[in-house]
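Please read the structure below before turning to the comments.
Residue numbers (this note's numbering): 5 to 415.
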C-alpha cells in the first residue's frame, strides 16, 4: 500500500503529465490546422459550379448563363473550358439582384423566394436548440450542417457553440485554446458580473457568407459554477433569472438574423436548460441503439421536471416544434430498423421523416475539420457522397420547412 507522500507525488505527476499531454495535443492540432489551411491559417469556403449555384438560387443554369453574358449581377470566375464558378457571396448578391427585379415588377412572392429573410413584424426569430443527453448522437454534426444549409439557402444565420468541448468551433475553423483569449464565448454575454459584454461584440464572421458564429470553449463551465452561487445567495439580478439570460442575449441581436442554431452541451445543466428556455424549437438527436434510447428516456424525464420548475417561476415555454432526428442510421441493420419503427410508433410525426444515415463521407470530411458542404463531390466515391448528401439535404430541408410553417409560410 502506498504511503501518503508517494500518493501525493504520483497525483502531482499525473496532473503534470495530463497537462503536458494537453499542451502537446494543442500544439499538434495547431500545426495540422496551419498545414490544412495555409497560408492564411483560416478556412475558406469552396466555390460552386454554375449548376450548383443555379440550384441554390432556384433558377436554371441557362438563365444564370444569360445573366452572366448580359453583365447582370456579380460576374463568376471562369475556369478551364469556360466553366463558371460562383462564391456564396456571389450567389447571395445574385439573389438580391433577382429579388429587386421581382419587386420592380410588383411580384413580392417571387422576391421572397430569392431572399428568404424573415419579416421582423410578422415572423419571430427562430431559435433551434439541438440537444441530447448522451454524447456520440451526432448532435454537433447535425447542428453545424443545419446552420450551413440554412446559410446556403440564403437565410441570415447565427450558430452558437454552447458545448465547452467546442466541437462545432473546430468544424468552423477555430481552435479554442489558441484563437480565444477569454470572455469571448456566450458566457461573456450571460455572466453575472461587471465583465459581461454585449453579444454583438462576441459574434464572429465565418467563411460562410450569411453565417455568423459564437465560439465555445471551457469557460462556458463558469456558468454552471456561478449560477448555483447566485441562486444560493438569492442575490437580486437586474438581468432576470438565469434561464432568461440566453434569450435576452439573443434578442439583443435579433434584428440581424432569421435563425439561430444552438449546439447544446451533452448534459442537462444550467446552460442546456437556459438554451431550451431561449429556444423556439428543439431537435433531439437519437442514435437508434437501445442504450441510447434508454438514455433519451431519462433525459426527457429530467428535462420535463426542470422545465416545469422554470415554468412555475414565470418562464415561457412554447416550442413551435419538437422533433426527434434519427442519426447515424444504418438501414441494413435489423435492430436499428426495429428501434426506428418503435420510435415512430410512439412519437408519430414528432420523429422527422428523414433520418441521417451513417456515412464515411461525413466522417472523412471531419478528419480535416470540414463538413460535407465544404468538400467537393470529386473527393469521394460518387455513390458514397451522393448518398450522404441526399440524406443530409432531406433532413435539413424538412427542418427548414418546419421553420417556414412556424412563420406562416405554407408554400
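Glycine included, C-beta positions come from ideal geometry on N, C-alpha and C.
- Judged by pairs of C-beta atoms under 8 angstroms, the stretch 103-120 does not touch the stretch 265-275, as fewer than three such pairs exist.
- Assignment of beta-bridge partners to residue 52 by DSSP yields 90.
- Beta-bridge pairing by DSSP links residue 325 to 285.
- Under the DSSP definition of a beta bridge, residue 333 partners with 361.
- Looking only at 186, 74, 217 and 354, the smallest Cα-Cα distance to residue 201 is reached by 186.
- The closest CA to that of residue 247, considering only 278, 49, 60 and 165, is found on 278.
- DSSP, reduced to helix, strand and coil, places residue 277 within a helical segment of the structure shown.
- DSSP, reduced to helix, strand and coil, places residue 208 within a strand of the structure shown.
- Apart from the 5 residues on each side of it in sequence, residue 91 sits with its Cβ closer than 6 angstroms to the Cβ of 51 in its chain, given in chain order.
- Around the beta carbon of residue 365, 16 or more other beta carbons sit within 10 angstroms, so the residue counts as buried.
- Contact between the stretch 137-151 and the stretch 190-198 is not established, with fewer than three Cβ pairs separated by less than 8 angstroms.
- Closest by C-alpha distance to residue 191, out of 177, 160 and 253, is 253.
- Judged by DSSP in its simplified three-state form, residue 303 adopts helix.
- A contact between stretches requires three or more CB pairs, one per stretch, nearer than 8 angstroms, and the stretch 344-355 fails this requirement with the stretch 389-403.
- Sequence-distant partners of residue 159 (beyond 5 residues in either direction) whose C-beta falls short of 6 angstroms from its own C-beta, in its chain, are 120, 262 and 263.
- Less than 7 angstroms separates the beta-carbon of residue 228 from that of residue 274.
- Residues 358 of the same chain have their beta carbon placed closer than 6 angstroms to that of residue 398, with the five preceding and five following residues left out of the count.
- Between the alpha carbons of residue 403 and residue 103 lies a distance of about 24 angstroms.
- Ranking 270, 237, 382 and 340 by CA distance to the CA of residue 293 puts 340 first.
- Note that the C-beta distance between residue 288 and residue 400 is not below 7 angstroms.
- Under the three-state reduction of DSSP, residue 398 is assigned to helix.
- A distance below 7 angstroms between beta-carbons, with the five flanking residues on each side excluded, links residue 411 to the following residues of its chain, in chain order: 122 and 127.
- Every alpha helix (DSSP H) stretch that sits fully inside the stretch 52-127 and reaches 4 residues is listed by chain position as 54-61, 65-73, 92-108 and 112-118.
- Rounded to the nearest whole angstrom, the CA to CA distance from residue 271 to residue 171 is 15 angstroms.
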